[in-house]
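The block underneath contains the structure these notes are about, expressed in structure tokens.
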Amino acid sequence: MSEILVTLENVKAPQAKMHKDAAAQFVQLREVVKKGAGFDFLAVCGDIFRDAGFVSSKDGVANRSWHKTGRAIDYNQDESRLVIVSEVIGGKQFFRTYLKTNNPKLGEHRRVKDYRGFYVSENLFDFTAEAFVCGFERIPAWNGWQRNYNRREFWHYQFVPKGLSWDAAMLQLRGKVRNQSQTVLGLNDRGENVKELQRQLNRKGLLPAKEIDGVFGVKTLAAVKEFQKRSGLIADGIFGEKTRELLGK
Ligand SMILES: [Zn+2]
């Protein structure tokens, strides 16, 4: 059996490990960046893997973070060739990362405004665009990012296949999901799967009909826990294999 969590070769980070699928994408991205920007930007990273029990009191650090699933990286924010440009999409604050190539043959000549207020006019490599190509996505900055550096998140990229919930990813990592095609649902998950779960909870009289909205919030969580308690399961509020089986009856 192959390990699900693999070590990233020659990467300097506190814990340079990722889920094997994400690791493969990381290796690909690292190569593209190395060629396109002219230096091995991803050889040094900030946080990559975080232990499941990791709790931070630091502002902006999510306890249900994708770092714990082995699917997220924080790149090296101390890199001097970084150019960070503000991008507001759908009312959310994102940032685009460019890397100065210091080479007229690499990147594209652009004039951009760094979010710190100064303009840069030189050959730049679009790191964000290449990360997208490799299946990584960025996350928006948290509210209050202007005053609090830790909330900016421009350094954070994650590889999360469509439909994969955080809880499912955590269970995958622990090797606890036998059938990986089955969705495990938990707090903050959204979508049709959540709606179906809510309908089932409603049929059992555990959730009012007006709460069937496709958002796994605190009321759905309480209903799942109540069902688990009644069924003699561990009331962890995670809709996994056993809970699904019993609720479907
Ligand atoms: Zn991060």
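165 is the number that numbering that gives the first Met the number 0 gives to position 166 of the sequence shown; each next residue is one higher, with no gaps. Ideal Cβ placement from N, Cα and C applies to all residues, glycine included. Please read all numbers here as calculations on a predicted model, not as lab measurements.
Which residue comes first and which comes last in the beta strand (DSSP E) that contains R202?
-> Here R202 belongs to no beta strand (DSSP E); instead the alpha helix (DSSP H) covers 191 to 202.
With 9 Å as the threshold, decide whether the Cβ of F48 is near any Cβ in chain B.
-> The structure shown contains no chain B; it is built from a single protein chain.
Does the Cβ of W165 lie closer than 8 Å to at least one heavy atom of ligand 1?
-> no
Within its chain, find whatever has a CB closer than 7 Å to the CB of D188; leave out the 5 residues flanking it on each side and keep chain order.
-> S164, F215
Are the Cβ atoms of F238 and L196 separated by less than 9 Å?
-> yes
Take L245 and list the residues in its own chain whose beta-carbon comes closer than 6 Å to its own, dropping the five residues that flank it on each side.
-> S230
Sorted by chain position, which residues of the same chain lie with C-beta nearer than 6 Å to T127's C-beta, five sequence neighbours on each side aside?
-> R95, T96
Kindly give me the distance between the Cβ atoms of Q76 and W154, rounded to whole angstroms, as I take these residues to be in contact under 8 Å.
-> 5 Å
With 16 other Cβ atoms within 10 Å as the buried cut-off, status of Q145 = exposed
Cβ-Cβ separation, I3 to K249 (assumed contact under 8 Å), whole Å | The structure shown does not extend to residue 249, since the chain is modelled only from 0 to 248, so the question has no answer here.
Spatial neighbours of S180 in its chain, beta-carbon cut-off 6 Å, leaving aside the 5 residues before and after = Caution applies to S180, whose pLDDT of 49 falls short of 50 and renders its modelled position unreliable; the model cannot decide the point.
Out of curiosity, what's the CA-to-CA distance linking A22 and F38?
-> 20 Å
Those residues, in chain order, that have a beta-carbon closer than 5 Å to some heavy atom of ligand 1 = D73, H155
DSSP state of V82 mapped onto helix, strand, coil | strand
A61 versus E86, E152, E225, residue with shortest Cα-Cα distance = E152
Pull up the CB-CB distance for R29 and Q157, whole angstroms please, since I reckon it's below 8 Å.
-> Between Q157 and R29 the Cβ distance is about 16 Å, and since that is not below 8 Å, they are no contact.
Tell me whether R243 sits in a helix, a strand or coil according to DSSP, three-state version.
-> helix
In three-state terms, what does DSSP make of D73?
-> strand
Thinking just about the alpha-carbon of each residue, which of H108, Q27, P139 is nearest to the one in F124?
-> H108
Since L41 contacts V10 with CB under 8 Å, what's their CB separation in whole angstroms?
-> 7 Å
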